[in-house]
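K.L.:
Below: one structure in structure tokens.
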Amino acid sequence: MEFIPNSNLKKQMLEEIGLKTINDLFSDIPKNIVINDLDLQNGLSQQETDKKLRKIASKNKSLYELLSFIGGGIKPHYIPPIVKSIISRSEFFTSYTPYQSEASQGFLQAMFEYQSLISELTKLEIANCSLYDDVTALAEAALMCSRINRKKIFIVPENISYDKKSVLKNYTKGADIKIKEIPFDIETGKIDINQLEKNINNDIAGVYIENPNFFGIFEDQINKINKLIKDSDSLFVVGIDPLSLGIVKSPGEFGADIVIGEGRSLGNAINFGGSSLGIFSCKKEFLRQMPGRIIGLTKDSSGKRAFSMTLQTREQHIRRGRATSNICTNEGLCALSAVTYLSWLGSDGLEKLSKINYENGQNLAKKIETIKGFKKMFSGTHFNEFVIKCEKNPNDINKELLKNNIQGGLLIDKWYPKLKNCMLFGITEIHSNDDIENLISKLKGVSNV
Amino acid sequence: MYRSAMFDEPLLNEIPSYKIDKIETITTLPKSLQRAKKVDIPNLDETQIVRHFNHLSQINYGIDTGIYPLGSCTMKYNPKICEEIASWDSFTNTHPYQDISTVQGNLEIMFELERMLCEITGMDYFSLQPAAGAHGEFLGMLLTRAYHEFNNDNKRNEVILPDTAHGTNPATVTMAGYKLIEIPSTKDGTVDLDSLEKAISDKTACFMLTNPNTLGIFESEINRISKIVHNAGALLYYDGANMNAIMGKARPGDMGFDIVHLNLHKTFATPHGGGGPGSGPVGVKIKLEKFLPIPRIVKKNNNYFFVYNAPESIGKIKGFYGNFSVLLKAYIYITLMGKNGLQEASEIAVLNSNYMKEKILRSKKYEMPYKKLRKHEFVLSCEKLRQEKGIRAMDIAKRLLDYGLHPPTIYFPLIVKEALMIEPTETESKSDLDKFIDALIRIADEDPDLIKNSPKNTPVKRVDEVNATRNPITTWNMI
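Chains Y and P supply the protein sequences, listed in that same order. Offset between the first sequence (1-based) and the numbering used here: plus 1. Offset between the second sequence (1-based) and the numbering used here: plus 149.
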């Protein structure tokens, strides 16, 4: 049978070890639970499988067929072919977690480079080599704050994604950490700093600020926020969009203790939302409290430079019930995409890319605002996502756009009832001026109906 | 003779490149956030980058290089067709929030995969959201809590597991806020029913079990275990890391398990990617369905929908819907294998393991404590070699590298001294198994100094991991 080379050697191998039938190997399974068969289809050949999957694939419309302006933290980006070429090297993608350093130097070095580049982006001294996604990374950060300072309240802005809120609640329940939400300012779309000031005190384990936030708005009161956090002896957790850091200050420069973020946009395909890449970086003093794998530089027995996993005593396979996290499998290959992509960009490329994303964001928002019935919801400066309030029902608008093969903005009033008829738009470097004009003309059409 | 490729490959930041710090100011950006200088990333040419990473790949070992018999990791061959199809634009370039009518193919795959996994495990419903096995375990604990809380059974704050459990099990239990109770194994290497009876009470939320367990032994008393656990009002959790032993032979659902997690990157042949991405779907019996994460996928009139309205649901444990690209590869794998193929995979995985075990034990160089019949993996002890020659499991692992073979898992499970935990999987040929067997036997007779100073044929010699932890250097700025 395909992929099972010894299918034809069963008899011979059984004989060699003194057994008669395959079922002798399963004689220790109680009779009442033995099954003979699974109720599944018979296997298909590779050719038939290809055909079947093509048919299923045809029921999707990829973002090459559908012009997308949807926001929500996940957007299409250009991925240079070098990324696929590197991560398809099967010595990389068919390898396991690098427990045997001597046979894993390649992947270990790449992960060391990934950690170094993430640390350059965040301007914090250290980074791990990935968590599942930004959502679980935030949850791990909350747990880590509480491990560090033994406090039990964690503050988040009201306007983080539903996914983040829900996962945070689930992850922190066991550690008995309370989550407190701070409302956003309905004028600016930024965190309501007065409310933050009122709620912050010496019992707060950590405060999470997203920059840009879920509405795409830059939290520019960052220095004041940092002061409030430091004065209350709490920890400052910052969420980043790595692609904004070509033009925006790194969180380490304005006081962050821990940085989390989603690294999907660093050379990883959207893949319907998964896989993903949880970025996690922090100050060196918290090294031993950090969750996830860390790669370190050391030497071999002849004194030559070598890499290995380090501080494994924090991890589940050594520390078991007292590990910093239960994480084992992570997102290694996505981190490899990220290090390849970042080195392809270089510092020049990253700056350019951030700038295009920012400028496209400004350009699109301005153009939409010129159309009757559409208004920018918030006055704060945004990056490449922004909220538009529509006079008409946004659901109907999106239906009209879809007829023209355009995916409109994300409806967000289901999560934020204050934002009725609001849509979250997103744009990136892949959108040309023609794409923008295409959307604008169709929106004008909708507004005139 | 085997000799690995070797490069003194510089770090990315050591490759000659140019750098300009100066950044162009964007005046419309808020002043407090304007960058003063560029992010320090080397500016390299594409050729330099390709060569750099290709060199690195050549000093890395994967399944495509050779046998990879890590116990409990199920390092089987990853069919190329799964990678190929999963890289099609119509899958990779779809957005989780795009209109549902334009992603019916994705939903069909997820819906059908849930049904397939239910059939393979004997469970009623599946959630595909967890990104890894440990993540699935964590969801399992959340479901356990939700179930007991729903029944107003609020004093259950303990989780029991055997001392052979994977490290993720106890870590998950603690992370979920439960008190951990570990029970010893019998001299057979299986769950000690007396200890279980003693440990279990009206405070027990759940008993976590791997079956076959990490010694590769099938827990034959599973019917009684299930009865003890359920009579106490607790739930029975199945760690599916070892599912590759029993597909088409027995199902956790039929054994009485209430919650099951699978590792698609083990049993269902999706690549491990040097650490991930993985996928750890969780299956439950009907009594736990209402607590599963949202959204659920529903099929109505040949159309698929996401359903978010589930008041008792625990909510979410990951962004969006899980690692879809991994789910897709597993779906393709199951499609290729079909019912016969999956059963054959488990049969040959178990045959290969018992073949190796028998051949190695006949050499009398290694010992194997506990019960003799094993499933897809077995655990040898090098304790005799340690006592006679001072050779440790670690030394043997490193010496295997000199033969161009990836070593097994070592020092686990903890109840075996100097453990070598070997899982060949069904995708290795007899000649590759024989090569590994021969090497392991030959090493036992080699000069102890040679073994202790191995490896020699690898790109680096034995790596000083103690120093890596004592003086942690984790970025190039710390060098």
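Don't be surprised by glycine CBs; every beta carbon is placed ideally from N, CA and C.
(1) I'd like to know whether the C-beta atoms of P/Y151 and P/G553 end up nearer to each other than 8 Å.
(2) So with CB distances below 7 Å, who are the chain P contacts of Y/M14?
(3) How many angstroms separate the CA atom of P/D189 from the CA atom of P/N362?
(4) If you measure between the beta carbons of Y/R265 and Y/R289, is that distance less than 8 Å?
(5) Could you say which of P/E575, P/H244 and P/G427 lies nearest to Y/L334 if we only look at CA atoms?
(6) Assuming P/A283 contacts Y/I75 under a Cβ cut-off of 8 Å, what Cβ separation, rounded to an integer in Å, is found between them?
(7) Do P/A314 and P/T353 have their beta-carbon atoms positioned less than 8 Å apart in this structure?
(8) Return the CA-CA distance between Y/V260 and Y/E352, expressed in angstroms with no decimal places.
(9) Pair every Cβ in the segment 231 to 241 of chain Y with every Cβ in the segment 174 to 192 of chain Y, then say whether three or more of these pairs are closer than 8 Å.
(10) Assuming P/A568 and P/S530 are in contact, meaning their beta carbons sit under 8 Å apart, how far apart are those beta carbons, in whole angstroms?
(11) Assuming contact is defined by CB atoms lying nearer than 8 Å, are P/S221 and P/N391 in contact in what I supplied?
(12) Can you give me the start and stop residues for the alpha helix (DSSP H) that P/F287 sits inside?
(13) Counting only beta-carbon atoms, is Y/D435 nearer than 8 Å to chain P?
(14) Write down every uninterrupted run of the alpha helix (DSSP H) in the segment 278 to 341 of chain Y whose length is 4 residues or greater and which is fully enclosed by it, in chain order.
(15) According to the Cβ coordinates, are P/V609 and Y/E360 closer than 8 Å?
(16) Identify every run of the alpha helix (DSSP H) within the segment 31 to 66 of chain Y, keeping only runs that are complete inside it and at least 4 residues long; order them along the chain.
(17) Under 8 Å: do the segment 334 to 349 of chain Y and the segment 177 to 189 of chain P share three or more Cβ pairs, one atom per stretch?
(18) Return the CA-CA distance between Y/L402 and Y/K165, expressed in angstroms with no decimal places.
(19) Just the chain Y side, please: which residues come within less than 7 Å of P/M265 by C-beta, in chain order?
(20) Got a sec: is the Cβ-Cβ distance from P/S474 to anything in chain Y below 8 Å?
(21) Assuming the contact rule is C-beta atoms closer than 8 Å, P/N306 and P/K328 should be a hit. Round their C-beta distance to whole Å, please.
(22) Starting from the beta carbon of Y/V136, find every residue of chain P whose beta carbon is closer than 9 Å, and list them in chain order.
(23) So the alpha helix (DSSP H) P/T658 belongs to, where does it begin and stop?
(24) Going along the chain, which residues of the segment 327 to 342 of chain Y sit with their C-beta nearer than 9 Å to a C-beta in chain P?
(25) Just to confirm, are P/F440 and P/A325 a CB contact at a threshold of 8 Å?
(26) Quick one: which residues of the segment 23 to 35 of chain Y get their C-beta closer than 9 Å to a C-beta of chain P? List them in chain order.
(27) By the three-class DSSP mapping on this structure, what secondary structure does P/I571 have?
(28) Using a Cβ distance threshold of 8 Å, determine whether the segment 86 to 103 of chain Y contacts the segment 429 to 445 of chain Y, with at least three qualifying pairs required.
(29) Mind checking whether P/K229 and Y/D134 have CB atoms under 8 Å apart?
(30) Just checking: is the beta-carbon of P/V609 within a distance shorter than 8 Å of some beta-carbon in chain Y?
(31) For chain Y, check one thing: does any of its Cβ atoms lie closer than 8 Å to the Cβ of P/I269?
(32) Using three-state DSSP, classify P/T251 as helix, strand or coil.
(33) Taking 8 Å as the threshold (beta carbon to beta carbon), is Y/E126 in contact with chain P?
(34) Just by C-beta distance, which residues in the segment 379 to 393 of chain Y are closer than 8 Å to chain P?
(35) Note down the Cα distance separating P/I540 from Y/I23, rounded to an integer number of angstroms.
(36) Determine the closest residue to P/V447 out of P/E261, P/N242, P/A154 and P/S153, with distance taken between C-alpha atoms.
P.N.:
According to the structure shown:
(1) Taking C-beta atoms as the reference points, P/Y151 and P/G553 count as a pair closer than 8 Å.
(2) Neighbours of Y/M14 in chain P, taken as residues at a C-beta separation under 7 Å, are given in chain order as L500, Y504 and K579.
(3) Looking at the two C-alpha atoms, the distance is approximately 49 Å.
(4) Taking 8 Å as the Cβ cut-off, Y/R265 and Y/R289 do not qualify as a contacting pair.
(5) Answer by Cα proximity: P/G427.
(6) Contact flag wrong, Cβ pair sits at about 24 Å.
(7) P/T353 is not a Cβ neighbour of P/A314, given a cutoff of 8 Å.
(8) Looking at the two C-alpha atoms, the distance is approximately 20 Å.
(9) Because the criterion of three Cβ pairs below 8 Å is not met, the segment 231 to 241 of chain Y and the segment 174 to 192 of chain Y do not touch.
(10) Confirmed, about 6 Å.
(11) Result yes, Cβ atoms of P/S221 and P/N391 sit closer than 8 Å.
(12) Counting along the chain, the alpha helix (DSSP H) containing P/F287 begins and ends at G282 to F299.
(13) Output row for Y/D435: interface = no.
(14) Residue ranges of uninterrupted alpha helix (DSSP H) with 4 or more members, entirely inside the segment 278 to 341 of chain Y and ordered along the chain, are 317 to 320.
(15) Taking 8 Å as the Cβ cut-off, P/V609 and Y/E360 do not qualify as a contacting pair.
(16) For the segment 31 to 66 of chain Y, whole alpha helix (DSSP H) runs of length 4 or above, ordered along the chain, are 47 to 58.
(17) When C-beta atoms of the segment 334 to 349 of chain Y are compared with those of the segment 177 to 189 of chain P, three or more pairs fall below 8 Å, so the two segments count as touching.
(18) Those two C-alpha atoms are separated by around 29 Å.
(19) Within chain Y, the residues near P/M265 are L41.
(20) By this cut-off, P/S474 is an interface position.
(21) In this structure P/N306 touches P/K328 by the C-beta definition: roughly 6 Å separates them, less than 8 Å.
(22) Those within 9 Å of Y/V136 in chain P are K465, I466, K467, G468 and F469.
(23) Only positions 150 to 628 of chain P appear in the structure, and residue 658 of chain P is not among them; the question remains open.
(24) Taking 9 Å as the upper bound on Cβ-Cβ separation, chain P lies near residues N327, I328, C329, T330, N331, E332, G333, L334, C335, A336, L337, V340 and T341 of the segment 327 to 342 of chain Y.
(25) Result no, Cβ atoms of P/F440 and P/A325 do not sit closer than 8 Å.
(26) The segment 23 to 35 of chain Y vs chain P, Cβ under 9 Å: I23, N24, D25, L26, F27, S28, D29, I30, P31, N33, I34 and V35.
(27) Of the three classes helix, strand and coil, the one that applies to P/I571 here is strand, per DSSP.
(28) Taking 8 Å as the limit for Cβ pairs, the verdict is that the segment 429 to 445 of chain Y does not touch the segment 86 to 103 of chain Y.
(29) Contact annotation: P/K229 and Y/D134 have beta-carbon atoms that are not nearer than 8 Å.
(30) Yes, P/V609 counts as interfacial toward chain Y.
(31) Using a Cβ-Cβ cut-off of 8 Å, P/I269 counts as an interface residue toward chain Y, since at least one Cβ of chain Y sits closer than that to its own.
(32) Look at P/T251 here: in three-state DSSP terms it is helix.
(33) For Y/E126, the nearest beta carbon of chain P is closer than 8 Å to its own beta carbon.
(34) Across the segment 379 to 393 of chain Y, CB contacts with chain P closer than 8 Å involve T382, in sequence order along the chain.
(35) Rounded to the nearest angstrom, the two C-alpha atoms are 36 Å apart.
(36) Looking only at P/E261, P/N242, P/A154 and P/S153, the smallest Cα-Cα distance to P/V447 is reached by P/E261.
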